[in-house]
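Participant:
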Amino acid sequence: MEEKERFMLSIDQSTQGTKAILLDSAGMVVGRRDVQHRQIIDEKGWVEHDLDEIWENTKAAVQEVLRITGIRPEQVAGLGVSNQRETVAAWNRKTGEPICHAVVWQCSRGMKICEMVGARGFETMIKEHTGLDLSPYFSASKLAWIYQNVPEARVLSEQGMLCFGTIDAWLVFKMTGGKSFKTDYSNACRTQLFNIHTLTWDEEVCGIFGIPMSSLPQVVDSD
């Protein structure tokens with residue numbers, strides 16, 4: 003393997019675990035490492051993941067794939083991230099610490115919130131603005147549930163220190179030491195808070211769900 007050769011690193015943070023894959027300049031896989039994480043399911047059937055575990059597993063997967071291939075970090079020319087898009091994270095902007103477990107896309111705890119929003123007559127408008135049917139599958143009701151039920155969320159919001167995001171935003175925040183709080187369009191459009199016509203967070207929809215817009219990441223192109 004030539005010292006000047008460059009590689010691409012792909013991180014796939016999925017429902018069951020995290021994969022780190024190295025590809026050469028021809029797009030061929032030269033190394034792969036998978037690390038599984040726990041599925042936290044309570045008696046209600048609610049599904050959670052430990053955000054700290056996901057972050058530690060991401061680091062471990064990357065370190066191990068570099069070790070087994072003998073590729074040095076400086077040979078990695080770029081990094082791509084894919085992730086379970088509707089799963090949500092909430093953390094302290096100042097400390098970088100989670101305030102609760104991630105609420106997974108499979109979790110239906112936002113059902114009552116969706117029912118209340120629908121009963122108020124907002125279902126059609128939300129579909130028109132976001133392109134998504136009102137459903138607890140998407141991120142909006144999950145984030146609303148956290149804001150209503152995790153006391154630290156409201157406190158941090160009042161201090162301007164609350165971060166709400168999908169898993170890509172969490173990983174980018176951690177990888178940059180808190181310097182970058184961003185998501186891409188493909189993740190934002192699955193939150194049910196993003197206006198697909200203006201390509202911005204929808205103030206009206208955020209207000210309906212009670213989500214402070216200051217807690218949401220900047221939306222950028224993934225390239």
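With the numbering used here applied, the sequence shown corresponds to residues 3 to 225, in that order. For glycine and all other residues, C-beta sits at the position ideal for the given N, C-alpha and C. This one's a predicted model, so the numbers in the text were calculated from it and none came from an experiment.
Would R35 and A22 qualify as a contact pair, given that the criterion is a beta-carbon distance under 8 Å?
Facilitator: Yes, these two residues count as a Cβ contact at 8 Å.
Participant: So E154 is in the alpha helix (DSSP H); what residue range does that whole segment cover?
Facilitator: Counting along the chain, the alpha helix (DSSP H) containing E154 begins and ends at 153-161.
Participant: Let's test the definition: count the other Cβ atoms within 10 Å of the Cβ of G33 and tell me whether it reaches 16, buried, or not, exposed.
Facilitator: With 16 or more Cβ atoms within 10 Å of its Cβ, G33 is classed as buried.
Participant: State the beta-bridge partners of C165 as determined by DSSP.
Facilitator: In the DSSP output, where bridge partners are listed per residue, C165 has W93.
Participant: Looking only at its own chain, which residues have a Cβ that is under 8 Å from the Cβ of I70, when we skip the five neighbours before and after it?
Facilitator: Around I70: G33, R35.
Participant: Under a three-way DSSP split, which group does D44 fall into?
Facilitator: Coil at D44, not helix or strand.
Participant: Enumerated in chain order, which unbroken segments of the beta strand (DSSP E) with a length of 3 residues or greater are wholly contained in the stretch 179-208?
Facilitator: If we require 3 residues or more, the beta strand (DSSP E) runs fully inside the stretch 179-208 come out as 184-186.
Participant: Pairing CB atoms from the stretch 133-145 with CB atoms from the stretch 183-194, are three or more of them under 8 Å?
Facilitator: Yes, since at least three Cβ pairs between the stretch 133-145 and the stretch 183-194 fall closer than 8 Å, the two stretches touch.
Participant: Does the distance from the C-beta atom of D204 to that of T185 stay below 8 Å?
Facilitator: Not closer than 8 Å, so no.
Participant: Taking the continuous beta strand (DSSP E) assigned at V119, which residues delimit it?
Facilitator: Unbroken run through V119 is the alpha helix (DSSP H), 113-121; no beta strand (DSSP E).
Participant: Give me the residue from V105, L158, P100 with the minimum Cα distance to S216.
Facilitator: Measuring from the Cα of S216, the nearest candidate turns out to be L158.
Participant: If I follow the unbroken alpha helix (DSSP H) through I128, where does it start and stop?
Facilitator: Counting along the chain, the alpha helix (DSSP H) containing I128 begins and ends at 125-132.
Participant: Taking the alpha-carbon of Q77 as reference, which of T132, L11, K46 has the nearest alpha-carbon?
Facilitator: Of the listed residues, the one whose Cα sits closest to Q77 is L11.
Participant: I need the boundaries of the beta strand (DSSP E) containing R69, first residue and last residue.
Facilitator: Note, R69: premise wrong, no beta strand (DSSP E); alpha helix (DSSP H) at 53-71.
Participant: Kindly indicate the opening and closing residues of the beta strand (DSSP E) around M30.
Facilitator: Where M30 is concerned, there is no enclosing beta strand (DSSP E), given that its DSSP letter is neither H nor E.
Participant: Can you have a look at V207 and say buried or exposed, based on whether 16 or more other CB atoms are within 10 angstroms of its CB?
Facilitator: By the 10 Å Cβ count, V207 comes out buried.
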